[in-house]
Amino acid sequence: MSVHIASPNHVFRDMLETICRDRRFDIGQSVSRPAELDGMAAGDLVLLHGIETPVEAEAAIAEVHAAEPEARVLLLVPDEALARMRAQLGATAHAILPEGDPADALIGAMRVVAAGYRVVDPDEAPAGPNAAPAAAGAAAPGRNGSRGPGRAELPHLSGREAAILAKLLEGQSNKDIANALGICEATVKVHLRTCFRKLGVHNRTQAAMWAARHMPSLARP
Numbered sequence: 556m557s558v559h560i561a562s563p564n565h566v567f568r569d570m571l572e573t574i575c576r577d578r579r580f581d582i583g584q585s586v587s588r589p590a591e592l593d594g595m596a597a598g599d600l601v602l603l604h605g606i607e608t609p610v611e612a613e614a615a616i617a618e619v620h621a622a623e624p625e626a627r628v629l630l631l632v633p634d635e636a637l638a639r640m641r642a643q644l645g646a647t648a649h650a651i652l653p654e655g656d657p658a659d660a661l662i663g664a665m666r667v668v669a670a671g672y673r674v675v676d677p678d679e680a681p682a683g684p685n686a687a688p689a690a691a692g693a694a695a696p697g698r699n700g701s702r703g704p705g706r707a708e709l710p711h712l713s714g715r716e717a718a719i720l721a722k723l724l725e726g727q728s729n730k731d732i733a734n735a736l737g738i739c740e741a742t743v744k745v746h747l748r749t750c751f752r753k754l755g756v757h758n759r760t761q762a763a764m765w766a767a768r769h770m771p772s773l774a775r776p
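Those letters in the sequence shown? Residues 556 to 776, by the working numbering.
Next up, the structure:
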């Protein structure tokens, strides 16, 4: 899978390229407009930035799918446009994130989308087997900007649980995690179930997304 970037902002394109390369994503094309994309493969991920209205977003997504119908689209939109974009385009884009989010939240969403899931807001779209919440758990920031418990208020996660979440963000299987940490696979499963309960999530994808947003240091290689 290659990651393609379309943004009218050259500096922003360069920043996205650097972030993605640092996380070992394969960079494909970097263009100013989605209409300039060509030669993509099915399953490639396209990051769209610089779009401010749902009408513009629909046109941009159509241009991407004209070039490759099975490309996956992740929109980075102004914070103030997020709710409107998700309400109108949640079923079209694979993920819609505020451009003010930290880089680790973006990387977490990219990994989820690359795995074949959509990232949805639990307040705005029902979660299904192929949907992961944009921010799951009680520690998600409130709509009015107030914050729930942040990384500094997470003593209830043990060191082992945090280490397992970090491996989860790397896309490792339970067997890989067990080998890396020197524990048995059954123990990994027990720790994961405990993490799910503490974070208020239901599966590995949701746990990875929660960690990417609320414990960003875990996502660093």
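All residues carry an ideal CB built from backbone N, CA and C; glycine is no exception.
Flag this pair as yes or no: are the beta carbons of residue i and residue j separated by less than 8 Å?
| i | j | result |
| --- | --- | --- |
| asparagine 564 | histidine 604 | yes |
| aspartate 581 | alanine 622 | no |
| alanine 650 | glutamate 618 | no |
| valine 667 | leucine 600 | no |
| isoleucine 606 | alanine 648 | no |
| methionine 640 | alanine 612 | yes |
| leucine 602 | isoleucine 560 | yes |
| glycine 598 | methionine 556 | yes |
| isoleucine 574 | alanine 660 | no |
Enumerate in chain order the residues of its own chain whose CB-to-CB distance from residue i is below 6 Å, with the five nearest sequence positions on each side excluded.
| i | result |
| --- | --- |
| lysine 730 | Glu740 |
| arginine 578 | Ile662 |
| alanine 626 | Met595, Asp599, Val601, Val619 |
| alanine 646 | none |
| arginine 568 | Ile560, Ser562, Ser585 |
Looking only at its chain, what residues have a beta carbon closer than 7 Å to the beta carbon of residue i, apart from the 5 residues adjacent to it on each side?
| i | result |
| --- | --- |
| isoleucine 732 | Ile719, Lys722, Val743 |
| proline 653 | Val632, Asp634, Leu637 |
| phenylalanine 751 | His757, Ala762 |
| glutamate 572 | Ile560, Ile582, Ser585 |
| arginine 525 | Because the chain in this structure spans residues 556 to 776, residue 525 falls outside the shown range and cannot be described. |
| glycine 700 | Confidence at glycine 700 is low in this model, with a pLDDT of 36, below 50, so its placement is unreliable and no value can be given for it. |
With DSSP as the reference, identify every bridge partner of residue i, one or two as the case may be.
| i | result |
| --- | --- |
| alanine 561 | Val586, Leu603 |
| proline 653 | Val632 |
| aspartate 581 | Ser557 |
Keeping to the same chain, check which residues put their C-beta closer than 8 Å to that of residue i; ignore five residues upstream and five downstream.
| i | result |
| --- | --- |
| alanine 670 | Gly726, Thr760 |
Would you please state the rounded distance, in angstroms, between the beta carbons of residue i and residue j? I believe it to be under 8 Å.
| i | j | result |
| --- | --- | --- |
| alanine 767 | leucine 724 | 6 Å |
| proline 609 | glutamine 584 | Actually they do not touch by this definition, with Cβ atoms about 25 Å apart. |
| tryptophan 765 | leucine 754 | 5 Å |
Is it the case that the CB of residue i approaches a heavy atom of the ligand MG more closely than 7 Å?
| i | result |
| --- | --- |
| threonine 749 | Absent from the structure shown: the ligand MG. Ligands present: none. |
Write down every uninterrupted run of the alpha helix (DSSP H) in the segment 594-643 whose length is 4 residues or greater and which is fully enclosed by it, in chain order.
Qualifying alpha helix (DSSP H) stretches, in chain order: 609-622.
In chain order, what are the residue ranges of uninterrupted alpha helix (DSSP H) at least 4 long that sit wholly in the segment 715-753?
Restricting attention to alpha helix (DSSP H) runs no shorter than 4 residues, the segment 715-753 encloses them at 729-736, ordered along the chain.
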